[in-house]
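Below: the structure, in structure tokens.
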Amino acid sequence: MAIDLNEVRKLAIISMFSDDVLFDRIVLKGGNAISLVYGLGSRSSIDVDFSVHGDLEEITDVEARIFKALDDRFGSAGYVVFDKTFVKRRPSENPEFTRFCGYRMEFKLMDDATFRRINSDMEAARRGAEVVGPLQQRKFRIELSKHEYCDPKRERALENFTIYVYTPEMLAIEKIRAVCQQMPEYPNRGNKTARARDFYDIYILISKAGVVLANNITLIKNIFAAKEVPLKLMGKVNETREFHRPDWPAVRDSVAGEVEAFDFYFDFLVNELNKLEAFGNE
42 MAIDLNEVRK LAIISMFSDD VLFDRIVLKG GNAISLVYGL GSRSSIDVDF SVHGDLEEIT
102 DVEARIFKAL DDRFGSAGYV VFDKTFVKRR PSENPEFTRF CGYRMEFKLM DDATFRRINS
162 DMEAARRGAE VVGPLQQRKF RIELSKHEYC DPKRERALEN FTIYVYTPEM LAIEKIRAVC
222 QQMPEYPNRG NKTARARDFY DIYILISKAG VVLANNITLI KNIFAAKEVP LKLMGKVNET
282 REFHRPDWPA VRDSVAGEVE AFDFYFDFLV NELNKLEAFG NE
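Start counting the sequence shown at 42; every next residue gets the next number (the numbering used here).
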């Protein structure tokens, strides 16, 4: 059966902020911050992304804390969380870059009544797990990126719960950084992946939220420095068009309503970055 994607995303976000220890350490970012918190755009994202100021290594039983929070929040909404996994994400096999690691949690859902009816049969639960989103996915994912620059975070309310979220400026800049991190010139990331969605999101943030990159030079430097991404890579974005293009059909399918062609969003970002040249884009 299928459940509402917005419901899943909100429950996952509120779950994370319901833990007293995690509350002051995590900040919501990514597509869900754009759509759910700021009400911008219409791109649906099944993944929920957070930044962490520093690390979570010193928190005792962080995995247990997170899954208890998920169990409690989804349980109160009538769902069972199962097939839970918690792994450390490594952007590179190079041990020099271990501090860039993050955390990834994956899980599936089933409504409580159905789970009890099948007597907690896990194989039956996997076959009948809830599906969500345009791609009808059964697996939900939460990702935490550590050692990020989180200082200008903003306090907002989501379903009457207090959460912390990136500002629109931070969201746009981090997405530009993510595009740069896929370049071969950036050595700290092992797997390079097409990120056409970032071009769409950046357009939404600049055109709808009024983000002006030239007014945020210090913020750009701090966010890029957090992952040791050279600023000069912004000048090479115009060379990455065909690398990111294959990802566009999936983005188009995830957006409700009409969208422009990929080149429109790509050219928009290149033009915005060209405005930064006078500010030392090097």
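We treat Cβ as the ideally placed atom computed from N, Cα and C, and that holds for glycine. Please read all numbers here as calculations on a predicted model, not as lab measurements.
From the DSSP output, read off the bridge partner residues of Thr126.
Answer by DSSP bridge pairing, in chain order: Glu147.
Look at the alpha carbon of Val296 and the alpha carbon of Ser76, and state the distance between them as a whole number of angstroms.
11 angstroms
Check whether the region 276-285 and the region 215-225 touch, using three or more Cβ-Cβ pairs below 8 angstroms as the test.
yes
In the region 160-186, which residue ranges form an unbroken beta strand (DSSP E) of at least 3 residues, counting only runs that do not cross its ends?
Correct list: 181-186.
Where does Ala298 land, buried or exposed, given buried means 16+ other C-beta within 10 angstroms?
A small correction: the amino acid at residue 298 is Gly; Ala does not occupy that position in the sequence shown. It is exposed - the Cβ of Gly298 has fewer than 16 other Cβ atoms within 10 Å.
Whose CA, out of Arg195, Arg50 and Ser248, lies closest to the CA of Phe309?
Ser248
Is the beta carbon of Ile44 sitting closer than 8 angstroms to the one on Val89?
no
Proximity below 8 angstroms, CB of Pro324 to CB of Leu272:
Since the displayed the chain opens at 42 and closes at 323, residue 324 lies outside it and no answer follows.
Express the C-alpha separation of Glu215 and Asn229 in angstroms, rounding to a whole number.
About 16 angstroms.
Going by other Cβ atoms of all chains shown within 10 Å of its Cβ, with 16 needed for buried, is Thr126 buried or exposed?
With fewer than 16 other Cβ atoms within 10 Å, it is exposed.
Mapping DSSP to helix, strand and coil, what is Ile217?
helix
Three-pair Cβ contact test at 8 angstroms for the region 183-193 versus the region 230-245:
no
Quick check: the region 105-125 against the region 195-213, are at least 3 beta-carbon pairs closer than 8 angstroms?
no
Please report the residue range of the alpha helix (DSSP H) in which Ile291 lies.
Here the sequence assigns Ala to residue 291, which means Ile is not the residue at that position. Segment Trp289 to Ser295, the alpha helix (DSSP H) holding Ala291.
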